[in-house]
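Numbering follows my numbering, in which position 70 of the sequence shown is assigned residue number 165; successive positions increment by one, without gaps. Where a beta carbon is used, it is the ideal one built from N, C-alpha and C, also for glycine. Every value quoted in this text rests on a predicted model; they were computed, and no experiment measured them.
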Amino acid sequence: MKIDNHPNFVVLEDEKDDIIDFASFIENQVPSKYKGQNVVLNLLKYTSMELPHLLQFIKTSSLHRKTKQSFVIVNDALDIDEVPFEMIVVPTLQEAEDIIEMEEIERDLGF
């Protein structure tokens with residue numbers, strides 16, 4: 096796994112080519128190693144990603160967001176209308192950073 100630390104979030108990226116294996120790995124890593132951090136999953140390399148692949152990350156996303164931290168997935172292959180409302184998926188890393196900044200402001204304001 097490739098890890099890229101930023102001041103207010105961490106970007107995690109799969110170095111292999113198995114999205115199902117990566118989802119399982121992330122499910123174990125995020126709660127323990129990235130507790131208290133905003134997490135961005137860079138899945139741009141998966142150019143043919145479909146909804147069943149995305150749903151592999153829903154448990155991790157829901158659990159992490161319950162801790163009042165952001166969990167954003169970056170992928171531009173998915174139809175945004177298919178994405179469950181419990182998940183945040185954006186097409187670029189810049190948009191992921193923008194979402195995290197907005198959520199940080201919302202949390203600071205008590206929302």
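Identity of the residue in the options nearest residue i by Cα
i	options	result
Leu-150	Lys-111, Glu-181, Ala-191	Glu-181
Glu-145	Val-169, Asp-174, Ala-118, Ser-156	Asp-174
Phe-166	Asn-103, Val-135, Lys-111	Val-135
Ala-191	Phe-152, Ser-119, Asp-171, Pro-126	Asp-171
Inter-residue Cα distance where the pair is residue i and residue j
i	j	result
Ile-98	Met-197	23 Å
Glu-201	Gln-164	11 Å
Arg-160	Asp-109	21 Å
Asp-193	Pro-186	12 Å
Leu-158	Ile-195	17 Å
Lys-207	Asp-116	Residue numbering for the chain in the displayed model covers 96 to 206; residue 207 lies beyond these limits and cannot be assessed.
Ile-114	Val-169	13 Å
Range of the contiguous beta strand (DSSP E) that encloses residue i
i	result
Ile-98	97 to 100
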